[in-house]
Amino acid sequence: MSSVMVITVDGPVAAGKGLLSWRLAEHFGLNHLDSGMIYRATAARLLDQGDDPTDEAAAAFAAESLEISDLQRSDLRLQSVGQAASVIAALPSVRAALLRMQRRFAAKPPGAVIDGRDIGTVVCPDADVKLFVTAGLDVRAKRRFDELVGRGQSPVLAEITAEIAERDKRDMERETAPLRQAEDAILLDTSELDADQALVAALKIVEQQLKAPAKTSI
Ligand code: DC
């Protein structure tokens, strides 16, 4: 294990990666990056400018010129921003620009927990521990529904389910860095777990992986 510890947490939308990653980072004293926020912030910049999210040159420029303040915008969690983020995330030049930023973050001592879609497969393939967190579509839709209700919105469950299914499909079927479980990632299904139980299960996996003998390459 290197002096910088990296834990990757990948999985589909609303699987519970965000809170889990934040809590893992707190537990181990590591930095935390929700990589979805940088895709969302890039998309939000584009939407502000009235640019189409499929315009690769405009999207790549927005990604290259992303600033820390963009990550602090209050509108990044909107469904519309998430949908546009999923569209720009399929563009190779956007991913290349954001890849550099994510690797710099991962390399900063003492290390990081990073959650997203391709962190274990592309961004940090040599991470110390890789988790792939998932849950059934209906469970994820209900969680997102409850979250929106909690924020005072009036969502329609069937619409949320359809949007999540559409986003899963786009994230899994894109050519560049699609959402998939890395071969050496451990699967954690949170369908039947609340946030505390998911943390306990994740901590057990991380402790076991850190104790496992280092991989050898010849
Ligand atoms: O995790 P999220 O819902 O905030 O992510 C928004 C979109 O960003 C998601 O639909 C796909 C994209 N994304 C990605 O392609 N790769 C990542 N590492 C993180 C997010």
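All residue numbers for the sequence shown refer to this note's numbering, where the first residue is 531 and numbers rise by one. Positions of the beta carbon are idealized from the N, C-alpha and C atoms, including for glycine.
Rounded distance between the beta-carbons of residue j and residue i, thought under 8 Å
| i | j | result |
| --- | --- | --- |
| G641 | L560 | 5 Å |
| C654 | A636 | 5 Å |
| V624 | A589 | 5 Å |
| A593 | T572 | 5 Å |
| I537 | L628 | Between L628 and I537 the Cβ distance is about 19 Å, and since that is not below 8 Å, they are no contact. |
| A712 | T664 | No, A712 and T664 are not in contact; Cβ-Cβ is about 13 Å, not under 8 Å. |
| L667 | A614 | That belief does not hold up - the Cβ atoms of L667 and A614 are roughly 21 Å apart, past 8 Å. |
| S616 | R700 | 5 Å |
| P639 | V534 | 6 Å |
| A725 | L601 | About 23 Å separates the two Cβ atoms, so there is no contact after all. |
Beta-carbon proximity list for residue i, same chain, < 6 Å, skipping 5 on both sides
| i | result |
| --- | --- |
| F754 | Here the chain comprises residues numbered 531 to 748, so residue 754 is not present and cannot be evaluated. |
| L678 | P685 |
| M702 | P708 and L709 |
| R704 | A620 |
| L717 | F662 |
| R697 | V543 and S616 |
| S721 | A665, G666 and V669 |
beta-carbon residue i near the ligand DC non-hydrogen atom, thresh 8 Å
| i | result |
| --- | --- |
| R575 | no |
| V663 | no |
Own chain, CB closer than 7 Å to residue i, minus 5 neighbours either side, in chain order
| i | result |
| --- | --- |
| D714 | K660 |
| I565 | Correcting the residue type first, residue 565 is Ser in the shown sequence and not Ile. Q632, I644, D645, G646 and I649. |
| H562 | S551, W552, A555, A642 and V643 |
| P622 | T706 |
| L733 | H557 |
| D719 | T664 and A665 |
| K547 | V539, G541, D645 and V663 |
Cross-strand partners of residue i (DSSP beta bridge)
| i | result |
| --- | --- |
| I618 | Per DSSP, none; premise fails for I618. |
| M535 | G641 |
| H557 | Partner(s): none; H557 has no beta bridge. |
| V663 | L718 |
| L629 | DSSP lists no partner for L629. |
| G646 | D540 |
| D658 | Beta-bridge pairing links D658 to no other residue. |
| D564 | D645 |
Same chain, Cβ closer than 8 Å to residue i, five either side skipped, listed in chain order
| i | result |
| --- | --- |
| R670 | P542, V543, A544, A545 and I694 |
| D605 | A574 and V611 |
Inset, instruction - Collect the residues with a C-beta less than 6 Å away from any heavy atom of the ligand GTP and give them in sequence order along the chain. - result: This structure does not include the ligand GTP; its bound ligands are the ligand DC.
Inset, instruction - Could you pull out every unbroken beta strand (DSSP E) segment of at least 3 residues lying fully inside the segment 677-719, listed in chain order? - result: 716-719
Inset, instruction - Enumerate, from N- to C-terminal direction, the unbroken beta strand (DSSP E) stretches of 3 or more residues contained entirely within the segment 579-612. - result: Listed in chain order, nothing qualifies, since the segment 579-612 has no complete beta strand (DSSP E) run of 3 or more residues.
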